[in-house]
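Chains as they are written, first to last, in the working numbering: chain A, 1 to 218; chain B, 1001 to 1242.
Please read the structure below before turning to the comments.
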Amino acid sequence: MGGFDFDVIARGAPFIWGGMLLTLELTALAVTGGLLLGIVIALLRLSPLKPVSWLAAFYVNFLRSMPLILVIFWFYTLVPKMIGSSISGFQSVLIAFVLFEAAYYSEIIRAGIASVRAGQISAAMALGLTRLQAMRYVILPQAIRNMIPVLLTQSIIMLQDTSLVYVVGLRDFLTTAEIVANRDNRPIELYTMVAVVFLVVCFSLSRLVGRLRRKYSL
Amino acid sequence: MIELKNVDKWYGTFHVLDNCTMSIAKGEVVVICGPSGSGKSTLIKCVNGLEPFQKGIITVDGVSVGARETNLPKLRSRIGMVFQNFELFPHMTAAQNIVLAQQKVLGRDQAAADTKALALLDRMGLADHAAKYPAQLSGGQQQRVAIARALAMDPIAMLFDEPTSALDPEMISEVLDVMVALAEEGMTMAVVTHEMGFAHKVANRVVFMDQGAIVEDADKDAFFGTPRSERARLFLSKILRH
């Protein structure tokens, strides 16, 4: 087998880059969709209408109890049956990720809103702002500052979790590296490369989180 | 201008306000004092509807606070309120704090709101601090910004909820000075405070509360001279001893 062969990585790079693009695309779409749905669920959970709030709480607790891989399997087999036509593995996985991540994001957003002192909404309303205006101009800007670091941390976890898509046969970053590893019989080089890339990407993002935390802390 | 008639409020089974009746005429300064937990903060938060109440009537300038058809945001915009913990918006500069509601509630344009904010900051002795964030200001400076923020709405009355309780001793007077000046200009004020020096100087009347009830409502001189209730006498002897 010889020493560490960088050449095998270079040869596999174009193929693996394709996998990386899929990983990044899936992460970006899932984070965006998860955030939007997460905001909606967080607001529903804060609703004064008890049944609405309970329903949102049930959704969050249900999905947070499930292993992500189960949710992925579930949507891969369930969605085509539900809509009566087949959808791509990518689409089913994306739906699974969005629904799953939304449960986590909504909790972060809810905690962010709750982290703003109650006196702030009193002060805003005492000035004559409506509840909605107080939310928009006073509470949310502070809540978002408080939650940006945690949201980013959750998104880093999400990036790592995308490697689970191999179970439905999608060729993401890890899967493409694995294919090259098996083809060229060079697992050590390829898996080391995957580890280094994940380390570099996630560590850089974590540093960014730390910087944002300092910059926006109030 | 502010009338409370037989106001009752409960938190669950706890009777926070017990049949409170009082009034504040235009231009009058009324100090509300009493031991902690006596309901004085709750009482003035009922005046602008920040706290709901279950029984009785509160009217401000003829508008009923508790009535369902009352536009509470509109009413609140006409009553200034200053809080114990300042409650400046930490993500905005001092000037932005004062501008926000002028624009969003009163519909003033940016230029008019800015001019007003700077004029008020100047009056508070804070002209140099307009671009600073609350965290960069001392407690006394923050509270003066908060007073300016309330005044920017051109209120018909001002409510103060223990405005100096969270301040270091050396900063209390800079806030009280501003309040004394306001009182002397004829602002209608309800002030929850233990600052008896302030009460002595500018109050027309002193209201003493205990266990949710208004125990005494007297002219300043009568209150400090010979309080009628034993409870108020005891309270005064404790806070005036030193």
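Beta carbons: idealized from backbone N, C-alpha and C, even for Gly.
query                                                                                                                            : result
Range of the contiguous alpha helix (DSSP H) that encloses Arg64 (chain A)                                                       : Lys50 to Ser65
Coil, strand or helix - Asp1114 (chain B) by DSSP                                                                                : helix
Buried versus exposed call for Glu1087 (chain B) [16 or more other C-beta atoms within 10 Å across all chains shown]             : buried
Tyr1011 (chain B), enclosing beta strand (DSSP E) - first and last residue                                                       : Ile1002 to Tyr1011
Nearest-angstrom Cα separation, counted from Pro51 (chain A) out to Val79 (chain A)                                              : 27 Å
Segment contact flag, the segment 1002–1017 of chain B with the segment 1163–1183 of chain B, C-beta cutoff 8 Å, min 3 pairs     : no
Below-9 Å beta-carbon distance, Pro48 (chain A) vs any chain B residue                                                           : no
Per-residue contacts from Val200 (chain A) into chain B (C-beta, under 8 Å)                                                      : The premise fails here: Val200 (chain A) is roughly 33 Å from chain B at the closest Cβ pair, so nothing lies under 8 Å.
Ile1156 (chain B) versus Val60 (chain A) - alpha carbon distance                                                                 : 47 Å
Neighbour list for Val196 (chain A) in chain B, Cβ cutoff strictly below 7 Å                                                     : Within chain B, no residue comes near Val196 (chain A); the closest Cβ sits about 39 Å away, beyond 7 Å.
Residue interval of the alpha helix (DSSP H) (run including Phe1235 (chain B))                                                   : Glu1230 to Ile1239
Run of the alpha helix (DSSP H) containing Leu46 (chain A), from where it starts to where it stops                               : First-last for Leu46 (chain A): undefined, no H or E at that position.
Beta-carbon neighbours of Val1310 (chain B), restricted to chain A and to distances below 8 Å                                    : A question about residue 1310 (chain B) goes unanswered here, because the residues of chain B that appear run from 1001 up to 1242.
Amino acids of chain A, ordered along the chain, whose beta-carbon sits closer than 7 Å to that of Ala1101 (chain B)             : Leu127, Gly128 and Leu129
Whole-angstrom distance between Asp1168 (chain B) and Glu1230 (chain B), CA atom to CA atom                                      : 31 Å
Inter-residue spacing [alpha-carbon to alpha-carbon] between Asn140 (chain A) and Ala42 (chain A)                                : Checking the displayed sequence, the identity of residue 140 (chain A) turns out to be Leu instead of Asn. Rounded to whole angstroms, Leu140 (chain A) to Ala42 (chain A) spans 12 Å at the Cα level.
Test: Phe1083 (chain B) CB closer than 9 Å to a CB of chain A                                                                    : yes
For Arg186 (chain A), the three-state DSSP class (helix, strand or coil)                                                         : coil
Asn146 (chain A), enclosing alpha helix (DSSP H) - first and last residue                                                        : Leu140 to Asp161
Collapsed DSSP secondary structure at Asn1204 (chain B) in the structure displayed                                               : coil
Contacts that His1091 (chain B) makes with chain A (C-beta to C-beta distance below 8 Å)                                         : Pro141, Gln142, Arg145 and Leu218
C-beta atoms of Thr1188 (chain B) and Ser1165 (chain B) nearer than 9 Å                                                          : no
Any C-beta of chain B under 9 Å from that of Ala177 (chain A)                                                                    : no
When B:Ala1213, B:Ile1044, B:Met1001 and B:Leu1100 are compared against Leu1017 (chain B), the one with the closest alpha-carbon : B:Ala1213
Touch test, the segment 1034–1046 of chain B against the segment 1195–1212 of chain B, Cβ-Cβ under 8 Å, three pairs minimum      : yes
For Asn146 (chain A) and Gly112 (chain A), believed in contact at Cβ under 8 Å, the rounded distance                             : 5 Å
Proximity below 9 Å, CB of Leu1151 (chain B) to CB of Ile1079 (chain B)                                                          : no
Proximity of Thr162 (chain A) and Thr77 (chain A) at Cβ, strictly below 9 Å                                                      : no
Chain A contacts made by the segment 1217–1242 of chain B, where a contact means CB separation under 8 Å                         : none
Minimum C-alpha distance to Glu1185 (chain B) - residue among B:His1200, B:Val1029 and B:Gly1012                                 : B:Val1029
CB of Met1196 (chain B) within 9 Å of CB of Leu1234 (chain B), strictly                                                          : no
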